[in-house]
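One structure below.
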Amino acid sequence: MKLITRICWLLLGAVFIFSGLIKLNDPVGTALKLEEYFDVFAEDFGRFFLVFKGSARTISIVLSSLEVVLGVALLLRWYLRKTMWVLLVLLVFFGFLTFYSAAFNKVTDCGCFGDFIKLTPWTSFAKDMVLLGLWLVVFFNVRYLRRVFASGQLGVMYITLAAAIAIGIGVRALGHLPYFDFLPYKVGNDIGKLMQASEPMRYKYIMERNGETKEFTEYPTDSTWKYKQMVSLNPEAGPKITDFRVWNDAGDYTQELLKGNKLVLIVQGTEKADRDRFLLINQLMLSADSSKKKITPLIITSSSPADFDAFRHDVNLSAPFYYADATVLKSMIRSNPGFILLQNGVVKGKYHYHDIPTRGKLEELL
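Following the UniProt record's numbering from start to finish, the sequence shown increments by one per residue and tops out at 366.
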């Protein structure tokens with residue numbers, strides 16, 4: 001039992017540290033997931049939860065950092081009993097969220113491991129139950145973990161250092177871009193190819209007749225069979241990007257965007273867009289337009305035409321602008337505004353508004 005307890009102790013601490021670091025890698029994405037939960041709770045339990053939406057990014061860093069700190073405290077066996085009780089509170093909280101999402105189909109991805117590992121609601125709940133099982137083993141066999149690796153002032157120093165590092169990781173990612181990009185629009189990806197299936201899709205058809213259910217790999221010609229369901233046999237071959245579309249008043253611009261060199265300024269929403277860097281942004285847009293690499297600058301936004309028209313005059317934007325879905329733009333870049341450099345649909349560079357590149361830097365990438 002001693003060995004089992006120590007394995008459970010090690011796994012529980014490691015999972016909490018890993019989960020927290022993955023979330024801190026992309027605190028904006030974690031905040032978006034929290035906002036989704038707040039919207040659901042506001043609808044089901046009361047509008048009070050909408051109060052937290054304005055602080056979603058701060059909450060995301062605090063919660064994610066807490067996971068890391070608790071994981072470190074557990075592995076150091078620092079105030080082990082108290083650490084275990086705080087871990088239980090978090091496990092119950094996360095367990096409630098995942099069960100609620102799964103049982104009522106409210107949030108289809110809990111965001112437990114960010115965009116690195118996508119889990120279905122029931123898988124997320126099962127993961128939390130496994131962690132709770134690990135917690136129970138450790139809690140009721142804590143006598144096998146008597147040795148403390150850091151106590152007193154040394155323990156305080158280690159925990160303080162862990163908290164500072166965790167918060168620092170999250171704050172830097174918040175002010176720039178994720179260290180590791182797990183989204184479909186990461187640098188190197190070909191958007192056009194990801195909008196297509198990697199191989200022909202294959203399906204099976206579930207049909208029913210006189211209470212009998214049967215599966216067919218080809219749609220039956222016998223009309224006595226009644227269609228019930230169609231299931232993909234190779235879902236992994238399906239398009240990884242299914243909702244990307246760009247348009248303006250003249251019509252669809254999606255395919256044109258994926259041709260040639262494009263410097264795309266993404267303004268997700270004018271109400272929350274940072275306005276302090278538009279002097280540099282406008283300078284880059286103008287210099288890119290005169291590049292020998294034939295870079296075409298343009299803007300994509302999800303704001304309404306009226307809101308964006310007022311905004312572009314306010315910040316002196318003069319490039320052509322187009323529209324896209326807000327969720328798509330949030331997936332493309334975790335910055336508002338932010339730049340994406342495209343070459344025939346391939347993402348060559350992504351830039352936060354705190355890291356605006358020079359024209360020379362853009363040309364080096366093309």
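A virtual CB, placed ideally from N, CA and C, is assigned to each residue, including glycine.
As the structure is a computational prediction, the values presented were derived from the model and not from experiment.
When the five nearest sequence neighbours on each side are left out, the beta carbons in the same chain lying within less than 7 Å of the beta carbon of D190 are those of G345 and V346, in order along the chain. Boundaries of the beta strand (DSSP E) around R209: Y203 to R209. A residue is called buried once 16 or more other Cβ atoms fall within 10 Å of its Cβ, and L298 is buried on that count. Under DSSP, Q343 takes part in a beta bridge, and its partners are N261 and V346. Contact check for G95 against F52 fails: the beta carbons are separated by 8 Å or more. In the structure shown, S124 falls within a helical segment according to DSSP collapsed to helix, strand and coil.
Y322 and V246 do touch by the CB rule: their CB atoms are close to 5 Å apart, below 8 Å. Pairing P337 with V264 gives a Cβ-Cβ distance that is not under 8 Å. The three-state secondary structure of Y79, taken from DSSP, is coil.
In the three-state scheme derived from DSSP, where H, G and I count as helix and E and B as strand, D276 is classed as coil. With contact defined as three or more Cβ pairs closer than 8 Å, the segment 158 to 176 and the segment 61 to 77 are in contact. Residue pairing by DSSP places K226 opposite E208 in a beta bridge.
M201 is classed as exposed because its beta carbon has fewer than 16 other beta carbons within 10 Å across all chains shown.
Unbroken alpha helix (DSSP H) runs of no fewer than 4 residues, entirely contained in the segment 156 to 218, are found at 191 to 194, following chain order. Cβ neighbours of K330 within its own chain (closer than 7 Å, five residues either side excluded): L32 and Q268. Short of 6 Å from the beta carbon of D289, and not among the five residues preceding or following it, lie these beta carbons of its own chain, in chain order: P297. Of all alpha-carbon atoms in I61, V92, G152 and S101, the one lying nearest the alpha-carbon of D44 is that of S101.
Here A324 is near S302, since their CB atoms are less than 8 Å apart. Out of G71, D39, F49 and P27, the CA that lies nearest to the CA of T58 is found in P27. A direct Cα-Cα distance of roughly 25 Å separates T358 from P184.
Distance from L362 to I295 at the Cβ level is roughly 6 Å; contact confirmed, criterion being Cβ atoms closer than 8 Å.
Linking Q229 to N25 through their CA atoms gives a straight-line distance of about 39 Å. When the beta-carbon positions are compared, G170 and I61 come within less than 8 Å of each other. Taking F18 as reference, the option from Y144, L75 and F41 with the minimal CA-CA separation is L75. According to the DSSP assignment, F321 belongs to the beta strand (DSSP E) that extends over F321 to Y323.
Residue range I295 to T301 is occupied by the beta strand (DSSP E) that includes T296. About 6 Å separates the beta carbons of R334 and P178, which is inside the 8 Å limit, making them a contact pair. In terms of Cβ geometry, M195 and F139 do not form a close pair [threshold 8 Å]. In terms of Cα proximity to G133, the closest of L87, N105, R146 and I159 is L87. Counting every other CB atom within 10 Å of its CB across the protein chains shown gives L280 a total below 16, marking it as exposed. DSSP, read as helix, strand or coil, puts G251 in strand. With contacts defined as CB atoms closer than 8 Å, W78 and V148 qualify as a contacting pair.
Each residue's CA atom was taken as its position, placing C8 and K293 some 57 Å apart.
Counting of Cβ neighbours within 10 angstroms places V328 among the buried residues, the total reaching 16 or more. Under the three-state reduction of DSSP, V89 is assigned to helix.
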